[in-house]
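Student: Got a structure for you, written out below as structure tokens; questions coming shortly.
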Amino acid sequence: MKILVGRVVEGHRYFYLGPEVALTRLKNGRMLYFDPQDESVGAHLIVHGFREEWVHSVLRSLVSPGDRVIDVGANLGHYTVALARSVGVDGWVIALEANG
119 MKILVGRVVE GHRYFYLGPE VALTRLKNGR MLYFDPQDES VGAHLIVHGF
169 REEWVHSVLR SLVSPGDRVI DVGANLGHYT VALARSVGVD GWVIALEANG
């Protein structure tokens, strides 16, 4: 694996940064750090750039600009990133994860 430090190369989806951290480009264009040893959520994010697209659709329908959201059980934070984008600069998102 090629190790990328300090910059993001356009068009690439996955960057291995070490045994406990990698970076991937989500379908929405945002970048997300995660544990490359995560074989469930992380694998979907690497290959597809998203996981459970239907959940993202439901979240987008429930959240509006300026909303305040608490993401309980945020896991890697891929829904948190989508929620933050939906609430915009006038809203906020708090993410909580017990297994971190």
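What the sequence shown shows, in the working numbering, is residues 119 to 218, in sequence order.
Glycine included, C-beta positions come from ideal geometry on N, C-alpha and C.
Note that the structure is predicted; figures quoted are calculated from it, not measured.
Closest by CA to E83, which one among G147, G160, R131 and M149?
Tutor: Beyond the ends of the chain as shown, which are 119 and 218, falls residue 83; an answer cannot be given.
Student: When the Cα atoms are used, what is the spatial distance from R131 to H196?
Tutor: Their backbone Cα atoms lie some 14 Å apart in a straight line.
Student: Run the CB neighbour count on H166, radius 10 Å, all protein chains shown included, and call it buried at 16 or more, exposed below.
Tutor: So H166 ends up on the exposed side.
Student: Return the bridge partner residues of Y151 from the DSSP annotation.
Tutor: Paired residues: L141.
Student: Could you tell me how far apart the beta carbons of D189 and A213 are, in whole angstroms, since I believe they sit closer than 8 Å?
Tutor: Right, the Cβ-Cβ distance comes to about 4 Å (below 8 Å), so this counts as a contact.
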